[in-house]
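**Student:** Could you have a look at this structure, given as structure tokens, before my questions?
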Amino acid sequence: MSIVQGIKAAMQALSGPTEQLKKARRGMAEKLLQRERVLHAPAHPDDLKAMVARWVDGSSASIKADLLANLRPFVRDPHKTRAVPGGQLPTFSFAGISIGSDATRTAAVTQAQLDSVLCALFGDQIKAMAYEVIDAMEVPADALPLSQRDQAAARLDEEWAEFKRQESELVAAFESAGLPVPD
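If you read the sequence shown in the numbering used here, its first letter stands for residue 401, the second for the next number, and so on.
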């Protein structure tokens, strides 16, 4: 066998493991990219609906807590529940904030308090309207429910780990043979 034939034979023998190493590295890069796509995929309509429901229910609960706090002074002092001389009703606010004297009293209600009152009074209607809007939205093809993302990412992590194991074995084989590890 000539030197040239020997070099050709050695290069040919290395081409298989070199291609396997490249394939393992491409697989690792592909799995990382797929994992990023899973973790940063657009929101799924079901997740948007769940968010709306949590917001409506949470807002409704907060105004109920405010209402309870605003009723407590009347419980402690039942005389406050009666109209005062002159027929004026006791000062009371659903949201609990008012500014000014009795004659010029105006309500200072924040957007959050207004939202809370609306959610408490019309929660089901707000949800129905929001769900209708969500259902009419165009859903991106890669939208993925949050409940499936961790499982999909874990599966991709396992696949990445298998490619990493293959790469490590091939690198070790090159090194044990005293050969340079291909890039």
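A virtual CB, placed ideally from N, CA and C, is assigned to each residue, including glycine.
The structure displayed is predicted, hence computed values, not measured ones.
1) Is it right to say glutamate 419 is buried, meaning 16 or more other beta carbons lie within 10 angstroms of its own, or is it exposed?
2) If you reduce the DSSP assignment to three classes, tell me which class glycine 578 lands in.
3) Flag this pair as yes or no: are the beta carbons of aspartate 550 and arginine 437 separated by less than 9 Å?
4) With distances taken from CA atoms, which of Asp446, Ala424 and Val456 is nearest serine 516?
5) Check isoleucine 499 in the structure and name its three-state DSSP category.
6) Output needed for proline 445: all residues of its chain with C-beta closer than 8 Å, excluding positions within five of it in sequence on either side, in chain order.
7) One question on the structure: do phenylalanine 574 and methionine 428 come within less than 9 Å of each other, judged by their Cβ atoms?
8) So methionine 537 is in the alpha helix (DSSP H); what residue range does that whole segment cover?
9) So, helix, strand or coil for aspartate 352, using DSSP?
**Tutor:** For this structure:
1) By the 10 Å Cβ count, glutamate 419 comes out exposed.
2) It is coil, neither helix nor strand.
3) no
4) Val456
5) Confidence at isoleucine 499 is low in this model, with a pLDDT of 46, below 50, so its placement is unreliable and the value that follows should be read with caution. The answer is strand: DSSP assigns isoleucine 499 an E or B state.
6) Ile534, Asp535, Met537, Val539 and Ala543
7) Annotated as distal: phenylalanine 574 and methionine 428, with beta-carbon spacing of 9 Å or more.
8) Segment: none, methionine 537 is in no alpha helix (DSSP H) and carries neither H nor E.
9) No answer is possible for residue 352: it lies beyond the span of the chain, which begins at 401 and ends at 583.
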